[in-house]
Every structure is written in structure tokens, then in C-alpha cells.
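So the sequence shown is numbered by my numbering: it starts at 1115 and just counts up by one.
These notes concern the structure reproduced below.
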Amino acid sequence: MPADSQTTKKVSFTAMDQGTRSEYDLVFAHEASNSQQIADRALGWLEQMEGESPYRISRLEHALQTATRAELDGADQETIVCALLHDIGDVLGPANHSQIAAALLRPYVSEQNYWVVAHHGLFQGYYWFHHYDRDRNARDRFRDNPYYQACVDFCERWDQCSFDPDFPSKPLSHFEPMVRALFAREPREFV
Ligand SMILES: [Fe+2]
Ligand SMILES: [Fe+2]
1115 MPADSQTTKK VSFTAMDQGT RSEYDLVFAH EASNSQQIAD RALGWLEQME GESPYRISRL
1175 EHALQTATRA ELDGADQETI VCALLHDIGD VLGPANHSQI AAALLRPYVS EQNYWVVAHH
1235 GLFQGYYWFH HYDRDRNARD RFRDNPYYQA CVDFCERWDQ CSFDPDFPSK PLSHFEPMVR
1295 ALFAREPREF V
């Protein structure tokens, strides 16, 4: 039984079609108070990316390295957090990791940052698809998209090069306040 089950005010309904406006106000007020828990979960998922990997660095170190490069390049804090979290979908769904990370970030970030994270997996294919007889230029079908070049740059400057065991990445504690600030924003809703 959850620890707060004795103290949290409850709705009276047992099916959604019985709920009243004031009961839904109660539910949504509770959801809004959970923003720091979203940051906690995102940071926890990052920590789960520590450990062995076939790369020369852990998946967490790749995230830290990508975010550090973004910061050194003068990116704004929202973009740095997107760089930090761009592969967080690996924890839940490796087959569509880009879309999972993008969906998590979307209510809190610009359309460009959302689009770049959502498409980074395809754009990263430029660096490895040809080894599997796949079209490394598959991303070019988005050439007319206004965010195409931003995604090319994200991959080239920050993502594809961040597998270096000798790179001095900043620690997760450096980025934690940025993550908390992002998820404390008023979210845009996508239902
Ligand atoms: Fe990725
Ligand atoms: Fe990556």
C-alpha cells in the first residue's frame, strides 16, 4: 500500500464517467505537484545507464559527454538537458529510443528541440547504416524541414563523437539543477 494512501484526499468515483469537475481538479492538482518526481525519475533512468557496454564508455558517460559538448558549444540550458536525455529511451524501448526521449521532453521544450531528439536516431544512421547495407542518407528525406540542419549538427558535433574515454565530461550533479528547472516548467499538454 502506498505510504500516502492514508493522507491523500481521494475522489469518490470508481469509474471516470462518474467524476465531477471538483474531483478532477483534485487529481490534476496532485499531478502538478509531481514535477520534481519526473526529474527524479529522469535522473534515475540516467543512473541506470551506468555499467558495462560494448562501447568504450557507459551509456551514462555518453549522455554526460554529449551534454558537456553541448554546453561547451554555448548551447542554452534547455538544449543541454535535451543532449543529456537524448538516449534515455534506451532504458524503456531501444527499438524507438529517440521517440521515447522526445515524448518525455516535448511538453517542456521547443518544437526544434523536440524534433531533433525525435529524429536523432535516424540522423545518427549517417554514421553506421552503410555497414548494414542501409542508406546512410535516409535522413535526407527531411532536407526541407526547418530543423534538418539542427539535427545534423546535434549528431555531428555532440552525439556521434561522444564515445571517447578520455573526454573530461562534467558529472551528473552539474546537470541536475538544469534537469530540475526544465521539469519544473509549466508543461504544454499533448493528449
Ligand atoms: Fe540515440
Ligand atoms: Fe547518443
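Idealized CB from N, CA, C, for every residue including glycine.
Every value quoted in this text rests on a predicted model; they were computed, and no experiment measured them.
Collapsing the DSSP output to three states places Ser1136 in a helix.
In this structure, Leu1219 is the residue among Val1266, Asp1278, Leu1219 with its C-alpha nearest to the C-alpha of Phe1304. With a cutoff of 7 Å, Thr1121 does not count as near ligand 2, since its C-beta is closer than that to no heavy atom of the ligand. Our two residues, Gln1162 and Leu1174, have alpha carbons roughly 8 Å apart in a direct line.
With a cutoff of 8 Å on beta-carbon distance, Phe1243 and Ala1252 are scored as near each other.
Under the three-state reduction of DSSP, Gly1235 is assigned to helix. Nearest Cα to Leu1286 within the set Leu1236, Val1195, Ser1149: Val1195.
Here DSSP, grouped into helix, strand and coil, assigns Trp1242 to coil.
In the structure shown, Ala1215 falls within a helical segment according to DSSP collapsed to helix, strand and coil. DSSP places Ser1149 within a helical segment (H, G or I) once states are collapsed to three. The C-beta separation of Arg1183 from Ser1126 comes to about 52 Å, leaving the pair out of contact by the 8 Å criterion.
Taking C-alpha positions only, Pro1208 is separated from Gly1133 by approximately 37 Å.
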